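Anchor point for the sequence shown: position 124 equals 123 in numbering that gives the first Met the number 0, and the numbering is continuous, going up by one each time. Where a beta carbon is used, it is the ideal one built from N, C-alpha and C, also for glycine. Fair warning: this is a prediction, and the values are worked out from it, not measured in the lab. Since the structure comes first, as structure tokens, the remarks are kept for the end.
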Amino acid sequence: MAALRDAGLTLNPRLQLEGDYTEQSGWKAGQALVGHLGQFDALFCSNDQMAMGALQSLQDSGASVPRDIRLIGYDDHPLSLYTQPALTTVGADFVNVGREMALRLLRILDDEAVEPAHLVLPTRLVVRTSCGCEATPTPH
């Protein structure tokens, strides 16, 4: 939402939907958004599983991704490469974050004082065809 504000755009609250990180919630969100096609040109989902559900839902309704709507997920799920079209996604380094969290938990369990921390995930944009851009080669 900060990026939208920085670009001088506003988010229509009716187009901001909540999900539970499952394909089913993505599918339901896609169904809710079908009636609003033309009011927005891209959909960002909080994870790739919801994006895969939204993709299927939009296609079931006759919408074309990326012609009618561009779609981007988050987390670079291994199956995102195999959707049709292949899902553009934001890849994050979850292994290192998980390692840091585990180390913090172990210190807490050892009764060490652990200061609250704000961790920022390093990310990378994995461009595939669902965003309407030319896909970049993706290693398998």
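May I ask which residues mark the beginning and end of the alpha helix (DSSP H) holding residue i?
{"i": "G97", "result": "F93 to L108"}
{"i": "A53", "result": "D47 to D59"}
{"i": "D5", "result": "A1 to D5"}
{"i": "S24", "result": "E22 to V33"}
Using the rule of at least 16 other Cβ atoms within 10 Å of the residue's Cβ for burial, across every protein chain shown, is residue i buried or exposed?
{"i": "L95", "result": "It should be noted that the sequence gives Asn, not Leu, for residue 95. It is exposed - the Cβ of N95 has fewer than 16 other Cβ atoms within 10 Å."}
{"i": "G97", "result": "exposed"}
{"i": "Q83", "result": "exposed"}
{"i": "N11", "result": "exposed"}
{"i": "V119", "result": "exposed"}
{"i": "V64", "result": "buried"}
{"i": "G7", "result": "exposed"}
{"i": "A28", "result": "buried"}
Return the first residue and the last residue of the beta strand (DSSP E) that residue i is part of.
{"i": "R69", "result": "R69 to Y73"}
{"i": "A41", "result": "A41 to F43"}
Under 8 Å, do residue i and residue j count as touching if we go by C-beta distance?
{"i": "C132", "j": "V125", "result": "no"}
{"i": "S56", "j": "Q30", "result": "yes"}
{"i": "T9", "j": "L16", "result": "no"}
{"i": "R210", "j": "A41", "result": "Because the chain is modelled from 0 through 139, residue 210 falls outside the range shown and cannot be assessed."}
{"i": "A85", "j": "T128", "result": "yes"}
{"i": "D143", "j": "T88", "result": "A question about residue 143 goes unanswered here, because the residues of the chain that appear run from 0 up to 139."}
{"i": "P26", "j": "A53", "result": "Correcting the residue type first, residue 26 is Trp in the shown sequence and not Pro. The answer is yes: Cβ separation under 8 Å."}
{"i": "G72", "j": "T122", "result": "no"}
{"i": "L14", "j": "L32", "result": "yes"}
Run through the DSSP bridge pairs and tell me what residue i is partnered with.
{"i": "T88", "result": "G72 and V125"}
Sorry if obvious, but does the Cβ on residue i come closer than 7 Å to a heavy atom of the ligand ADP?
{"i": "T82", "result": "This structure does not include the ligand ADP; it has no bound ligands of any sort."}
Does the structure place the segment 76-85 close enough to the segment 100-118 that three or more beta carbon pairs sit under 8 Å? no
Check your understanding: Hey, is the segment 41-49 in contact with the segment 21-30, meaning 3+ C-beta pairs nearer than 8 Å?
Key -> yes
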